[in-house]
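Residue numbers (the working numbering): 1 to 88.
What follows is the structure, encoded as structure tokens:
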């Protein structure tokens, strides 16, 4: 039983470890140095990243401020506002 719990804990830790990328420090073209930091895995969505509303960055404790594209869609993406969706 102990072995199963240990294996489960290792698997859970391993899967959550891959949810973030380590970014090495670098110098921008304008000479500004960007310190090394952690970021969420890059993907096509904004709602599951550290900077999204409702999420908290586990490394800094900062709460996300970016609008969630599913719960707070921008005005331009709301489409028709008719009450009857079958009306042309």
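Virtual Cβ for every residue (Gly too), placed ideally from N, Cα, C.
If you're wondering where the values come from, they're calculated on a predicted model, not measured in any experiment.
**Message:** Measuring straight from C-alpha to C-alpha, what distance separates residue 23 and residue 38?
**Reply:** Residue 23 sits at position 23 when you count from the first residue of the chain shown. Residue 38 sits at position 38 when you count from the first residue of the chain shown. Residue 23 and residue 38: Cα-Cα distance of roughly 6 Å.
**Request:** For residue 1, name the three-state secondary structure that DSSP assigns.
**Result:** For the purposes of this step, residue 1 is taken as residue 1 along the chain shown, with counting starting at 1. Three-state result, residue 1: coil.
**Prompt:** Measuring CA to CA, which of 21, 5, 51, 43 is closest to residue 66?
**Reply:** Sequence index remark: in the chain shown, residue 66 carries index 66 (1-based). The shortest C-alpha separation from residue 66 is found at 51.
**Request:** Kindly identify the DSSP beta-bridge partner or partners of residue 63.
**Result:** One-based indexing of the chain shown puts residue 63 at position 63. DSSP output for residue 63 lists 56 as bridge partner(s).
**Asked** Going along the chain, which residues of its own chain have a beta-carbon closer than 8 Å to the beta-carbon of residue 21, five neighbours each way excluded?
**Response** For the purposes of this step, residue 21 is taken as residue 21 along the chain shown, with counting starting at 1. Excluding positions up to five away in sequence, the list reads 38, 39, 40, 41, 42.
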